[in-house]
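> Sequence order for the protein chains is A and B. In terms of our numbering, the first sequence is residues 831 to 1475. In terms of our numbering, the second sequence is residues 1205 to 1345. For glycine and all other residues, C-beta sits at the position ideal for the given N, C-alpha and C. All values reported here derive from a predicted model rather than from experimental measurement.
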Amino acid sequence: MIAEAGLIALWLAASMAFLQFALSVIGLVKGQDELFRAIRPVAIAQGVLVAISFLLLVWLFVRSDMSVKLVVANSVAIKPLIYKISGAWGNHEGSMLLWIAIMGVAGACIGIFERNLKQKTLVTTLGAQAFISIGFYAYLLIASNPFERIFPVPADGQGLNPLLQDIGLALHPPTLYIGYVGLSIAFSFAVGAMITRDVGPEFAKAMRPWVLGAWVFLTLGITAGSYWAYYELGWGGWWFWDPVENASLMPWLAATALLHSVTVLATRDGLRAWTLMLAVVAFSMSMIGTFLVRSGVLTSVHAFAVDPERGSFILALLAIYIGGAMALFALRVGSVKEGSQFELVSREGALVANNLLLSAILGIVFIGTLYPLFVEGMSDEMISVGPPYFNLATGPIALILVAIMAAGPLLRWRRDSAKALLNRISIPVFLTAAALFALVLFTTSMSVLPLIGMALAAGIAVASFAPLWKRNLRRTPMHTYGMVIAHFGIAVALAGMASETSFTEEKLVAATPGDEILVNNWKIKFEAIEPVAGPNWTALEARVTAQYADEAIHEIAPQNRMFASAQMQTSEAALLTRWNGQLYVVLGDSDAQGRWQLRIWWKPFVTLIWYGGVLIALGGLLAMIGRLRRAGRQKKQRAYAEAMI
Amino acid sequence: MTRFFALLALLMAAPVAAQNGLPSSPYAHQQLDDPVQEEKARSLMEELRCLKCQSQSIADSDAPMAGDMRSQVRERIAAGATPEEVRSWLIERYGDWVTYNPPVNAVTGPLWIAPIVLLILAIWLARGRFRRRKNSRKDAS
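Okay, here's the thing in C-alpha cells:
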C-alpha cells in the first residue's frame, strides 16, 4: 500500500506542476489577477505532495519492504538504520526522486517566503519552476518509477554498495542536491525576469538570498564529498579531477560568479545581461552534472547507475531547458541594457575580473571533462584528461583570481586609484613576498603552483580581514563579516592544498607484528592483527600505536572489511589528527611470508582544506542571514514611514 | 669475525631478497630506496590511468594490474629511465588512454588550445567593456 500511496502522491504532485504552469501561462496571457492568487497555494501543494512521496520511499526502505524492486536492489534487512534511510537515495531512481522533491519544496518555499519580487515576475518564476519540474516528473513516472513492485517477493535484498555505507556519503548527496536544485530558483527567476523584462536592483536583491542559500549547500556538499573520498577510498587524495567531482564543481564555479555579479546588479545596477546569463548557466551546469552522473556516459567510481537509455531522456530534457533558456536570452538580451558604468580600477572592475576568470575556469573544466567523451564518440581513439591537464590549465588562473579576491573588497565602487589600492594592500603584498622568499629559502622541491599558492595564502589570510580595518565592528553589517570569513576560508583551504601537495610523506612497508616504522616525527608500531565483526561485515583489524615525537601514544586500527551481502572488500583507513596535520594508515593484504602491507602517510595541515571549505560555507550563511535581516528591517521602516504619512 | 657479520647481514637481508625474488611485480607495494627516484616514480604513477579500474590512477588502485604497472614504473625509473621515457613506453603499449596528461597532437589539439582561447575571450570581453565605458564618458562630457 505504501508504495502505491507514494506513486499516487507523485502523480498528484506532477498534476499540480501542470496546473501551476497552466495558471501562470493563462494568467500572463490574459492578465487575470484572480489566477495569480491561486498560484502560490498550488506551488505549496506540489511541494507537500512530492515531499510526501519521497518520505514514503524512505519509509519503504526503513521497513525493508522487499516487495519493492528498488528496496531489493539497494538494501538488506540487516543493516544500520541510517544506511537503510540513505539507501533511499543511494541509487538512480531514489536520487532522482530526491532531486524532484527538493525542486518541489524549493518551489513551495518561493510560494511561502518570496515577498520582494513583483507579482508578475513571481508568477512567471513559479511557472518556469513548474515547467522544469514537469520534465523531471515525466522522467520519473515514465522511465524510472521508484515504487515498482517485484514478484515473487525475494527473501532478502541485495544490499547497498559498501562504499556508500558511510555517514559522509549518507549526507553528501542530499546536501549537494539541495545546492544543485536550489540553483533552479535562480534559473526560474532569470527566466521570469527575462519574460517580464523586469531586471534591476530590486530583482537582484530578491534573487540574492536564494543564490547564497544554494551556494552554501553546494560548498558544503563539495567539501563533504572531498573529505569522504579522502578517508573512505583509502587513497589519501582529496581531489581527483574525476568527472563526477567536476560535475559538482562546475555549478559551484557558476554560482560563485553569479553571487558576485548579482551584488553588482543589486548595488550598482550593472551587469544585468551577464547576471541573467550566469543564472541560466549555473542551473544548466547542475542539469549537465546530473546528466553526466546519472546517464552512465561516465564510468567512474561514482557512477553506480549505468543506463544509457535513461541518459537520452535526460539529454532531451537538457536540450529543451537549456536550449529554451538560451534562446530566450538571445531574444531578450538586446532589450536588457547592461546598466550603469564604471572604470577598470573599481569594485565593479574587480568583480568583473572575478566573473570572467571564474567563467574561464568553468569553461576549462567543462571542456576537459567532456572532451574525452567527444573524442570517444567521434573516433576510435580514447584519451584521458586528468590532474596534470586541469592543474596546469586552471591553477594559474585560480591564483590570479584569489589575488584579485584579496584586493577587490578594498576598492571603492565606480572609480578608485591604483595607487590608493597599493597603499591599502601593502601589508598583505609584503607578507606574500616574505612568505615566498622564506619558502624558496627553507624548503626544497616545492613545485611552482603550490609555492605561489602558499605564499598568496599568507597574504590573502591577512587581506581578507582588511575590510574590517578601522571600522566600528559592532555596526559592521553581518554580510560584510560573511564576505570576510568566506575569503579567509579560501586562504585557509589554499594553504592546506599547497601544504598537502608539497609536504606529504609516504611510506609503504611490509610489516610483521612488532615492527617499528618511522615517518617524519612519528614512531609507528605495528602490534598485531585481529579479526573483528560489525553489524553486516567482518574485518581484519591491525592494532597500531603511533607516537608523535615524545608525546602520548595513540592507538589506531585500520581495517580491511568484507561485506557479506556484496562480496566486496573495503579498506577503512585509520586517521590520527593533530593540529598540524593528519597521520593516515591503511592496511593492505598479506604476502607469502605473512607480512602485512601498511601504507602510511603524514599529511601536514591537510585538514585546513576542509576547515577552509566549512569557513567558506559559514561566510555564505552569514551573508545570507545578514541580507535577509536587512531586507526585513527596511521593509518595516518603509511600512512605518507610510503609516506616519 | 668479519665473515660472521657478513653472513649475519646476508641472513637478515634474506626476506628482502626473497621478496625481490618473487614473480612478476616486486615493486607493486615497495618503494625505491632512492627518495629522489621514488618521488619521480610516484608523480608519474599519479598521472597514469589504471586500465582495469574506473577513473583511478595506478597510484590509487588496489587492482593487481595497477600493481604490475607500478612495479614496471619503479623498476624502469630505478634502471635510469626518465619518467617521460617510461610514459612513452606505456603509451606505445596501451595507447593515449593510459596517461592523464594527454599528449599534444591532432586529436588533443583543441583541448590544449581551449584554455588559451578562453582566456583571450575573457580579456577581450573585459577590454571591450571598459573601453566602451571610457568612450561613452568622453561623449557625455
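(1) Determine the extent of the alpha helix (DSSP H) in which Ser1116 (chain A) is found, giving its start and end residues.
(2) Gln1234 (chain B) versus chain A: which residues are under 8 Å apart at the beta carbon?
(3) Near Trp1328 (chain B), what residues of its chain come up, given a Cβ to Cβ distance below 8 Å and the 5 sequence neighbours on each side ignored?
(4) Starting from Asn1076 (chain A), trace the alpha helix (DSSP H) in both directions and tell me its first and last residue.
(5) Among B:Trp1293, B:Asn1309, B:Ala1283, B:Asp1272, whose alpha-carbon lies nearest the alpha-carbon of Asp1238 (chain B)?
(6) Give me the residue from A:Lys1035, A:Lys899, A:Ala1023, A:Ala1000 with the minimum Cα distance to Ser974 (chain A).
(7) Does DSSP classify Arg1373 (chain A) as helix, strand or coil?
(8) As a quick exercise: from A:Tyr1010, A:Ile962, A:Glu1357, pick the residue whose alpha carbon is nearest that of Arg1373 (chain A).
(9) Have a look at His1233 (chain B) and Ser1332 (chain A) and give me their C-alpha separation to the nearest angstrom.
(10) With a cut-off of 8 Å, do at least 3 Cβ pairs link the stretch 1281–1298 of chain B to the stretch 1235–1249 of chain B?
(11) Assign Met1117 (chain A) to buried or exposed, taking buried as 16 or more other Cβ atoms, counted over all protein chains shown, within 10 Å of its Cβ.
(12) Quick check for students: name the residue ranges of the alpha helix (DSSP H) that lie wholly in the stretch 909–997 of chain A, counting only runs of 4 or more.
(13) Restricting to Cα atoms, I'd like to know which of A:Met1235, A:Ala1325, A:Thr1342 is closest to Ala1293 (chain A).
(14) Residues of chain A with CB under 8 Å from Pro1306 (chain B), in chain order?
(15) Here's the rule I'm using: 16 or more other beta-carbon atoms within 10 Å means buried, otherwise exposed. How should Asn921 (chain A) be labelled?
(16) Is the shortest distance between the beta-carbon of Asp1300 (chain B) and the beta-carbons of chain A less than 8 Å?
(17) According to DSSP, is Arg1337 (chain B) part of a helix, a strand, or is it coil?
(18) Check this for me: beta carbons of Ser897 (chain A) and Val1029 (chain A), under 8 Å apart or not?
(19) Against chain A, does Gly1225 (chain B) count as a neighbour if the rule is that its beta carbon must be under 8 Å from one of theirs?
(20) What residues of chain B sit near Trp1065 (chain A), judged by a beta carbon separation below 7 Å?
(21) Leaving out five residues on either side along the sequence, give the residues of the same chain with a beta carbon under 7 Å from the beta carbon of Ser1165 (chain A).
(22) Using a threshold of 8 Å, state whether the C-beta atoms of Phe891 (chain A) and Lys914 (chain A) are closer than that.
(23) Whose C-beta lies closer than 8 Å to the C-beta of Ile856 (chain A) among residues of the same chain, with five residues either side of it excluded?
(24) Does any residue of chain A bring its CB to less than 8 Å from the CB of Arg1280 (chain B)?
(25) When you compare the CB of Thr1286 (chain B) with every CB in chain A, is at least one pair closer than 8 Å?
(26) With 8 Å as the threshold, decide whether the Cβ of Ala1135 (chain A) is near any Cβ in chain B.
(27) In the DSSP assignment, the alpha helix (DSSP H) including Val1415 (chain A) goes from what residue to what residue?
(28) How would you write the range of the beta strand (DSSP E) that Met1398 (chain A) sits in, first residue to last?
(29) Going along the stretch 1417–1448 of chain A in order, which residues come within less than 9 Å of chain B, judged by CB to CB distance?
(30) Rank B:Gly1271, B:Ile1320, B:Val1321, B:Asn1309 by C-alpha distance to the C-alpha of Glu1211 (chain A) and give the top, closest one.
(31) Which class does Ser1130 (chain A) belong to by DSSP, given the choice of helix, strand or coil?
(32) Taking only beta-carbon positions, decide if Ala1217 (chain B) is within less than 8 Å of chain A.
(33) For Ile1144 (chain A), collect the residues of the same chain with a Cβ closer than 6 Å to its Cβ; drop the 5 residues on either side in sequence, then sort them by chain order.
(34) Going by C-alpha distance, which of A:Thr1306, A:Ala1341, A:Thr1310, A:Ile1230 is nearest Ala1287 (chain A)?
(35) Using the Cα positions of His1495 (chain A) and Trp1065 (chain A), report the straight-line distance between them to the nearest angstrom.
(36) Give me the Cα-Cα distance between Gly1289 (chain A) and Gly1326 (chain A), rounded to the nearest whole angstrom.
The answer reads as follows:
(1) Counting from one through the first sequence, the residue named residue 1116 (chain A) turns up at place 286. Looking at the DSSP string, the run of the alpha helix (DSSP H) that includes Ser1116 (chain A) is 1102–1125.
(2) Sequence index remark: in the second sequence, residue 1234 (chain B) carries index 30 (1-based). Neighbours of Gln1234 (chain B) across chain A, judged by C-beta separation under 8 Å: Leu1338, Ala1340.
(3) For the purposes of this step, residue 1328 (chain B) is taken as the residue at position 124 of the second sequence. Cβ within range, chain order: n/a, list empty.
(4) Counting from 1 along the first sequence, the entry for residue 1076 (chain A) is found at position 246. First-last of the alpha helix (DSSP H) with Asn1076 (chain A): 1073–1098.
(5) Taking the second sequence and counting its residues from 1, the one referred to as residue 1238 (chain B) is at position 34. With distances taken between Cα atoms, Asp1238 (chain B) lies closest to B:Ala1283.
(6) Within the first sequence, the letter at position 144 stands for residue 974 (chain A). Closest by alpha carbon: A:Lys899.
(7) The residue labelled residue 1373 (chain A) in the question sits at position 543 within the first sequence. For Arg1373 (chain A), the secondary structure class from DSSP, reduced to helix, strand or coil, is strand.
(8) Locating residue 1373 (chain A) in the first sequence gives position 543, where the first residue counts as 1. The shortest C-alpha separation from Arg1373 (chain A) is found at A:Glu1357.
(9) Position 29 of the second sequence holds residue 1233 (chain B). Position 502 of the first sequence holds residue 1332 (chain A). If you take the alpha carbons of His1233 (chain B) and Ser1332 (chain A), they lie about 22 Å apart.
(10) Yes: at least three Cβ pairs fall under 8 Å.
(11) Counted from its first residue, the first sequence places residue 1117 (chain A) at position 287. By the 16-neighbour rule on beta-carbons within 10 angstroms, Met1117 (chain A) is buried.
(12) Unbroken alpha helix (DSSP H) stretches of 4 residues or longer found wholly inside the stretch 909–997 of chain A: 911–917, 922–943, 949–968, given in chain order.
(13) Counting from 1 along the first sequence, the entry for residue 1293 (chain A) is found at position 463. Out of A:Met1235, A:Ala1325, A:Thr1342, A:Met1235 has the C-alpha closest to the C-alpha of Ala1293 (chain A).
(14) On the second sequence, position 102 is the one that residue 1306 (chain B) refers to. For Pro1306 (chain B), the chain A residues whose Cβ falls inside 8 Å of its Cβ are Ile1213, Ser1214, Val1215, Tyr1219, in order along the chain.
(15) One-based indexing of the first sequence puts residue 921 (chain A) at position 91. It counts as buried.
(16) Numbered from its first residue, the second sequence carries residue 1300 (chain B) at position 96. In terms of beta-carbon proximity, Asp1300 (chain B) lines the interface with chain A, with at least one pair separated by less than 8 Å.
(17) Residue mapping note: residue 1337 (chain B) aligns to position 133 of the second sequence, counting from 1. For Arg1337 (chain B), the predicted model reports a pLDDT of 47, less than 50, meaning its position is unreliable; a value from the coordinates is still stated below. Arg1337 (chain B): helix per DSSP, three-state reduction.
(18) In the first sequence, residue 897 (chain A) corresponds to position 67, counting from 1. In the first sequence, residue 1029 (chain A) corresponds to position 199, counting from 1. For the 8 Å CB-CB criterion, Ser897 (chain A) and Val1029 (chain A) do not form a contact.
(19) Translated into the one-based positions of the second sequence, residue 1225 (chain B) becomes position 21. Confidence at Gly1225 (chain B) is low in this model, with a pLDDT of 39, below 50, so the placement of that residue should be treated as unreliable; the coordinate-derived value is given next. Judged by the 8 Å Cβ criterion, Gly1225 (chain B) is not in contact with chain A.
(20) Stepping through the first sequence from its first residue, residue 1065 (chain A) is reached at position 235. Those are Asp1264, listed as they occur along chain B.
(21) Here the question's residue 1165 (chain A) lines up with position 335 in the first sequence. Result list for Ser1165 (chain A): Arg1027, in chain order.
(22) As a position in the first sequence, residue 891 (chain A) is number 61, starting the count at 1. As a position in the first sequence, residue 914 (chain A) is number 84, starting the count at 1. Yes, the pair counts as a contact, with Cβ atoms nearer than the cut-off.
(23) Here residue 856 (chain A) corresponds to residue number 26 of the first sequence, with the count starting at 1. Sequence-distant partners of Ile856 (chain A) (beyond 5 residues in either direction) whose C-beta falls short of 8 Å from its own C-beta, in its chain, are Gln862, Leu865.
(24) If you number the second sequence from 1, residue 1280 (chain B) lands on position 76. It does not: the Cβ of Arg1280 (chain B) has no partner Cβ on chain A nearer than 8 Å.
(25) Translated into positions along the second sequence, residue 1286 (chain B) becomes position 82. No, because no Cβ of chain A sits closer than 8 Å to the Cβ of Thr1286 (chain B).
(26) Counting from one through the first sequence, the residue named residue 1135 (chain A) turns up at place 305. The predicted position of Ala1135 (chain A) is uncertain, since its pLDDT is 43 and thus under 50; no value can be drawn from it.
(27) In the first sequence, the residue the question calls residue 1415 (chain A) occupies position 585. From DSSP, Val1415 (chain A) is part of no alpha helix (DSSP H) but of the beta strand (DSSP E) over 1411–1420.
(28) Within the first sequence, numbered from 1, the residue matching residue 1398 (chain A) stands at position 568. Its beta strand (DSSP E) spans residues 1398–1402.
(29) Contact residues of the stretch 1417–1448 of chain A toward chain B are Gly1418, Asp1419, Asp1421, Ala1422, Gln1423, Arg1425, Gln1427, Arg1429 (C-beta to C-beta distance below 9 Å).
(30) Taking the first sequence and counting its residues from 1, one reaches residue 1211 (chain A) at position 381. Among B:Gly1271, B:Ile1320, B:Val1321, B:Asn1309, the Cα nearest to that of Glu1211 (chain A) is on B:Asn1309.
(31) Mapped onto the first sequence, residue 1130 (chain A) falls at position 300. Since pLDDT at Ser1130 (chain A) reaches only 43, below the 50 mark, its modelled position is unreliable, and no value is offered.
(32) Taking the second sequence and counting its residues from 1, one reaches residue 1217 (chain B) at position 13. Confidence at Ala1217 (chain B) is low in this model, with a pLDDT of 40, below 50, so its placement is unreliable and the value that follows should be read with caution. No - not a single Cβ of chain A is within 8 Å of the one on Ala1217 (chain B).
(33) As a working mapping, residue 1144 (chain A) is identified with position 314 in the first sequence. Cβ neighbours of Ile1144 (chain A) within its own chain (closer than 6 Å, five residues either side excluded): Phe1121, Ser1125.
(34) Stepping through the first sequence from its first residue, residue 1287 (chain A) is reached at position 457. When only C-alpha atoms are compared, the closest one is A:Ile1230.
(35) Because chain A is modelled from 831 through 1475, residue 1495 (chain A) falls outside the range shown and cannot be assessed.
(36) Here residue 1289 (chain A) is taken as the residue at index 459 of the first sequence, counted from 1. Here residue 1326 (chain A) is taken as the residue at index 496 of the first sequence, counted from 1. If I take the Cα positions, the gap works out to 15 Å.
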